[in-house]
Each structure stands twice: as structure tokens, then as C-alpha cells.
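Numbering (my numbering), first residue to last: 3 to 266.
C-beta atoms are modelled at their ideal positions from N, C-alpha and C, and glycine is treated no differently.
Remarks on the structure that follows.
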């Protein structure tokens, strides 16, 4: 079976056309009872695919707008604007393996919204990195390994707007619909190359990394204009930028709303 999978993957890498994704069935969860049923179904699952949509254009802290979860028995889109999502912490603290792509920001969002992050993690982007792919997108991995094109999202999408449009829901569902298949492919290739332990170490470092406000003392270095400063000007910029970072976190506003980069 592994040899057949490798041959299929090689054929796709040589430029075979990717098919559009098949329609995905999903359930939109908007009440506590439905979410409770989802939690009870998931706590016994050995693994599940997980993703979030969030918005932070007008806030310091990211605001979760949708949580997508898929497992062999179903696919749900949980609306955190309609239901308290904290019960999902029971799933995250369980023994199931959470499969995500580029999970860093999702983990931040989930910790804020649910009070927990998954106890076990597999990040498909990190896994692909250990296979020689440099920061691949989820779409590129679908095309490479599954021969499928994911639907594209508009850059102007505001996931906090309600009601969500059918195209938004389809996009969100597609992101997790075949993530477990990707997990199978990537896990097999990691094992074949003897790199599973490397990847697992990196997954755990990401999972346990401290999350919270960005370090105020480093805020000045993220301002493009600061690279031209010298002497006393650097000290002043460092102090003002640190104050701005703390104030933005307190007010839950983007730093630029508190004070512009040029003003710093």
C-alpha cells in the first residue's frame, strides 16, 4: 500500500491536474445541546481535524469566529457567536490527537475561547517542513498529496459578520474535510524517512509554547522605522513602544489604534 501511495503522490507532483473539492456535508452548531452531543462524540475519538476562523483587525486579542472539527463520524462548524464553546476543552484535554495546519494562531485563539489547547497535536505544515517543503499552504498540500483544489476565500471576508454566507461555510468545511487524509500521508512519509520523532518534538514545542501578550520590551523592534534610530532615540522608542503594547493589550485594541508607528 505504501508503494502505491508513493506512486500516486509522484504522479501528482509531475503536474497532474487537481480536481475541485467534492461538496462537503457539515452541521452548523448553534446551540448548547448540539455542542454537547459533539463533545460526547469526540471524547472517544482517537483523532480529529481542527481549524478556526478568527478576526483581529479591530482588536489586540484574536476573536474566534468559527471552529471547524472533522472526524470519521462527522464534520461540524461551531458558531462561537451563538454558543459557549468552553465545553470543547473536555475534548482538547482528552487523549485524541488534534490535526491542524499552521496551528500557532489557532492555539492562541482556542486558549482564549475555550481555556485549553489540545493535549496532543499534529501540525501538517510542520510535518511537511520535515519532508523538505518550506512553509507550504494547506491548499498546496491538498494539491500535492490529494490532488484536490481547495476553495479560495476572499481576503475581505469578515468571519464575525452574520449570517455567514454558504461560500464561507463551504470554505471553512473544506479546510478540515480531508485533513485526516493528509495526516495519514504525512505520517507515513515521516516514518519512511525516520523523521517522526523530530516532528513530534516540534509539535510539542509549539503546543506548550507560552502564549499571551507579545513581550512589550521587544515591541520597538517590530516597527520598521526603528532600524534607522541611534543612541537615545532607540531608548525612547523602546520605552514608548513597550507602553503602547501594554496599553493595547489592556484596551483590547490594535497597537496602531493606541499610537501610530510614526508617533512612536
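Looking at C-alpha atoms only, which residue of the options is the closest neighbour of residue i?
i	options	result
residue 172	155, 162, 51 and 118	155
residue 116	94, 104, 84 and 126	94
residue 90	145, 43, 166 and 142	43
residue 108	223, 235 and 52	52
residue 133	106, 160, 200 and 165	200
residue 38	88, 64, 170 and 131	88
residue 175	71, 118 and 33	71
residue 67	243, 96, 32 and 40	32
residue 160	28, 35 and 65	65
residue 123	244, 41, 252 and 185	185
residue 212	246, 168 and 118	118
residue 34	266, 62 and 84	84
residue 131	223, 63 and 104	104
residue 101	28, 206, 232 and 246	206
residue 106	61, 143, 56 and 97	56
Use the C-beta contact count for residue i: other C-beta atoms within 10 angstroms, 16 or more gives buried, fewer gives exposed.
i	result
residue 45	exposed
residue 254	exposed
residue 250	buried
residue 238	exposed
residue 54	buried
residue 234	exposed
residue 196	exposed
residue 24	exposed
residue 86	exposed
residue 82	buried
residue 240	buried
residue 110	buried
residue 220	exposed
residue 203	exposed
residue 256	exposed
residue 126	buried
residue 187	buried
Classify residue i as helix, strand or coil using the three-state DSSP reduction.
i	result
residue 190	helix
residue 83	coil
residue 93	helix
residue 261	coil
residue 50	strand
residue 55	strand
residue 73	strand
Quick test of your reading: residue i and residue j, contact by CB under 8 Å. State the CB separation rounded to the nearest angstrom.
i	j	result
residue 263	residue 236	So it is not a contact: roughly 15 Å between Cβ atoms.
residue 128	residue 208	7 Å
residue 99	residue 48	7 Å
residue 141	residue 152	5 Å
residue 92	residue 40	Contact flag wrong, Cβ pair sits at about 11 Å.
Relative to the ligand ZN, is the shortest distance from any of its heavy atoms to the C-beta of residue i smaller than 8 Å?
i	result
residue 201	No copy of the ligand ZN occurs in the structure displayed, which carries no ligand at all.
Discussion item. Does the contact criterion of 3 or more C-beta pairs under 8 Å hold for the region 179-186 versus the region 61-78?
Written reply: yes
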